[in-house]
Amino acid sequence: HRPPFRAHREGVSDAYLMLAVAEGFGESPAAAILRPDVDPDAVLAAPPAPPDVPPRVARQLQRPDLASRAAAIHRRAEDLGLRVMTPRDHDWPVRMSEQPVAPLVLFVRGDPCALTRAPAAALVGSRTPTPYGIDAASELARSLADAGTVLWSGLARGVDRLAHEAAVRGGMPTVAVLAGGLDRVYPGEHVGLADAIVAGGGALISELPPGRRARRGHFIRRNRLLAAGPRAVVVVEGSLASGALHTARFAADCDTDVFAVPGPWQSERSQGCHRLIAEGAGIVESPGALLQALGLGAAEARTATHCQLRAEERAILTQLTAGPRPGDLLQREAGLDRAAFLRALFGLQQRQRITRLPGDLWRAVGR
4 HRPPFRAHRE
14 GVSDAYLMLA
24 VAEGFGESPA
34 AAILRPDVDP
44 DAVLAAPPAP
54 PDVPPRVARQ
64 LQRPDLASRA
74 AAIHRRAEDL
84 GLRVMTPRDH
94 DWPVRMSEQP
104 VAPLVLFVRG
114 DPCALTRAPA
124 AALVGSRTPT
134 PYGIDAASEL
144 ARSLADAGTV
154 LWSGLARGVD
164 RLAHEAAVRG
174 GMPTVAVLAG
184 GLDRVYPGEH
194 VGLADAIVAG
204 GGALISELPP
214 GRRARRGHFI
224 RRNRLLAAGP
234 RAVVVVEGSL
244 ASGALHTARF
254 AADCDTDVFA
264 VPGPWQSERS
274 QGCHRLIAEG
284 AGIVESPGAL
294 LQALGLGAAE
304 ARTATHCQLR
314 AEERAILTQL
324 TAGPRPGDLL
334 QREAGLDRAA
344 FLRALFGLQQ
354 RQRITRLPGD
364 LWRAVGR
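The following block contains the structure:
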């Protein structure tokens, strides 16, 4: 048997990544390996055999190059500026490990603190929403962001995009859960949105390592992470076979509250929401009613999780009271590191509090 794997500073974070590589990141998750109580050191020390694990996983566990393959994935992720997180990291989102089929590793681009900020809610729905769905999703996303909620979604077309855009415009962090590697943003037209999410203090996350394309089955893996990350899932529109409905089903397995927006009874895209309501999901009657159900007041100030970002913004605005400043000088005068400076700068731009002039000069706008 292979001796227990020990974490080391160079390369792999810990045994969870090795176990994830053996599991294979496939379209059909190996539930026996992804149990929330799995002991990766014990599994690597005494690899199980079929029928306890699928044959493909048993073969991978016996490969002598498993550690080097995991280390190569770790190095590749770091070269791309990604964070490799496992349950042994102090800032691992614990809720992710409270579902029956839990992830062993998360690849993160952006601020990993966004994964544990509260309040948080997932807003999901159709990739091709009706005008009714677009209005509902836009209004709900805006209200949730204004109340200081970190919005989670899947970076897909339609409702997902509306959720992320509302958070970015409102200066709130948002978390996008991808079905493929973070170096292969899908769909391609959302690359700019992905960059805006990171610049705004949010994060992109995936269970799949760099280089992996999103395949049909990977979206199901993605949906279970969406259901486990925040404490509430809101479904705007979705058919009976939609990914949004899959997310709601997974939510029931990890004590995540589910809410659904009712729609016209003739609409195929409302059938999924109506089914969820019949099964006990909360009815979204209005943005205010949803905020009340989540324990948020429509007029509440933003939560303490956003105070740091606001302080960074104030530091920049203070320096601009004397007139325009070049970017490098403005950063030094505000006393911010590069990441904090860019994050605050982006937030101020989104709220149209500052504008960029020729020559990399920045100027305050309005009050």
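The sequence shown runs 4 to 370 under the numbering used here.
Yeah, the Cβ is synthetic: ideal placement off N, Cα and C, and Gly gets one too.
Please read these numbers as outputs of a predicted model, since none were measured by experiment.
Original post:
Any idea which residues DSSP pairs W155 with across the strands?
Top reply: Note: W155 sits in a beta bridge opposite A125 and V178.
Subject >> Candidates C276, G330, E210 and L158, of which the one nearest F349 by Cα >> reply: Considering only alpha carbons, the answer is G330.
Subject >> Beta-carbon proximity check, M21 vs L47, cutoff 8 Å >> reply: One thing to note: M21 has its Cβ within 8 Å of the Cβ of L47.
**OP:** State buried or exposed for V180, treating a residue as buried only when at least 16 other CB atoms are found within 10 Å of its CB.
**Re:** The residue in question, V180, is buried, as its Cβ has 16 or more Cβ neighbours within 10 Å.
**OP:** Count the CB pairs spanning the stretch 87-94 and the stretch 62-75 that are closer than 8 Å, and state whether there are at least three.
**Re:** Contact fails: fewer than three Cβ-Cβ distances are below 8 Å.
**OP:** Over the uninterrupted alpha helix (DSSP H) stretch that includes T250, give me the two end residues.
**Re:** Boundaries of the alpha helix (DSSP H) harbouring T250: G246 to D256, taken from the DSSP string.
Subject >> Segments assigned beta strand (DSSP E), at least 3 residues, entirely inside the stretch 32-109 >> reply: Taking only runs of at least 3 residues, the beta strand (DSSP E) segments lying wholly in the stretch 32-109 are 86-88.
Original post:
For E287, which residues from the same chain have a beta carbon less than 6 Å from its beta carbon, with the 5 sequence-adjacent residues on both sides left out?
Top reply: Looking at the sequence itself, residue 287 is Val, so the reference to Glu does not match. F262, V264 and L293, listed in sequence order.
Subject >> Own chain, CB closer than 6 Å to A33, minus 5 neighbours either side, in chain order >> reply: E26, P57 and V60, listed in sequence order.
**OP:** Enumerate in chain order the residues of its own chain whose CB-to-CB distance from A371 is below 6 Å, with the five nearest sequence positions on each side excluded.
**Re:** Residue 371 lies beyond the stretch modelled for the chain, which goes from 4 to 370, so this question has no answer here.
Original post:
Excluding sequence positions up to five away, which residues of its chain have a Cβ less than 7 Å from the Cβ of R366?
Top reply: Once the five neighbours on either side are set aside, the close Cβ partners of R366 are L323, P327, I357, T358 and L360.
Subject >> Beta-carbon contacts of L83 that lie in its chain and below 6 Å, excluding the five residues immediately before and after >> reply: Hits under 6 Å: D186 and P213.
Subject >> Per DSSP, cross-strand counterpart(s) of I208 >> reply: BP columns for I208 point to V111 and V180.
Original post:
Hey, how far is the Cα of L351 from the Cα of E316?
Top reply: Straight across, the Cα-Cα distance linking L351 with E316 is about 7 Å.
**OP:** Go ahead and pull the three-state DSSP assignment for D3.
**Re:** Given a span of 4 to 370 for the chain in the structure shown, any question on residue 3 remains unanswerable.
Subject >> Where the alpha helix (DSSP H) containing A202 begins and where it ends >> reply: Taken as a continuous stretch (DSSP letters only), the alpha helix (DSSP H) holding A202 covers V194 to A202.
Original post:
CB-CB under 6 Å to F344, same chain, minus the five flanking residues each way: which ones, in chain order?
Top reply: So the list reads Q334, once near-sequence residues are dropped.
Subject >> Rounded straight-line distance, which links the Cα of G191 to that of C257 >> reply: Taking the straight line from one Cα to the other gives about 31 Å.
**OP:** Could you name the residues that DSSP lists as bridge partners for F262?
**Re:** Looking at the DSSP output, F262 sits in a beta bridge with V237 and G285.
**OP:** Report the three-state DSSP secondary structure of L348 (helix, strand or coil).
**Re:** Helix at L348.
Subject >> Three CB pairs or more closer than 8 Å across the stretch 198-206 and the stretch 167-177 >> reply: Touching, per the Cβ criterion.
Subject >> Per DSSP, the bridge partner or partners of W365 >> reply: Looking at the DSSP assignment, W365 forms a beta bridge with R328 and R359.
Subject >> Sequence-distant residues of the same chain with beta carbon closer than 6 Å to P53, five excluded per side >> reply: Beyond the five residues adjoining it in sequence on each side, P53 comes within less than 6 Å, by CB distance, of A61 in the same chain, given in chain order.
**OP:** Pull up the distance between the alpha-carbon of L299 and that of A150, whole angstroms please.
**Re:** Each residue's alpha carbon lies about 7 Å from the other.
Subject >> Short Cβ contact (8 Å threshold) for T259 with A281 >> reply: Against a cut-off of 8 Å, the Cβ pair of A281 and T259 comes out as no contact.
**OP:** Could you name the residues of the same chain whose beta carbon sits closer than 7 Å to that of Q274, not counting the 5 residues immediately before and after it, in chain order?
**Re:** Correct list, in chain order: S242 and L243.
**OP:** Since I believe G136 is in contact with V162 (beta carbons under 8 Å), could you give me their beta-carbon distance rounded to a whole number of angstroms?
**Re:** Yes, V162 and G136 are in contact; Cβ-Cβ is about 7 Å, under 8 Å.
Original post:
Quick one: Cα of H277 to Cα of G183, how far?
Top reply: Straight-line measurement puts the Cα of G183 at about 30 Å from the Cα of H277.
Original post:
When you compare each of R172, R160, R341 and A169 to V188 by their alpha carbons, which one comes out closest?
Top reply: Of the candidates R172, R160, R341 and A169, the one whose C-alpha sits nearest the C-alpha of V188 is R160.
Original post:
Cβ of G113 within 8 Å of Cβ of I200?
Top reply: For the 8 Å CB-CB criterion, G113 and I200 form a contact.
Original post:
Beta carbon of A325, beta carbon of P233: below 8 Å?
Top reply: Cβ distance not < 8 Å, so A325 and P233 don't count as in contact.
Original post:
Should R219 be labelled buried (16 or more other beta-carbon atoms within 10 Å of its own) or exposed?
Top reply: Exposed.
Subject >> Nearest-angstrom Cβ-Cβ length linking L297 and A251, presumed shorter than 8 Å >> reply: With a Cβ gap of about 16 Å, L297 and A251 do not count as contacting.
Subject >> Nearest-angstrom Cα separation, counted from L147 out to T133 >> reply: Computed Cα separation, rounded: 21 Å.
Subject >> Identity of the residue in A49, V97 and D17 nearest P115 by Cα >> reply: When only C-alpha atoms are compared, the closest one is V97.
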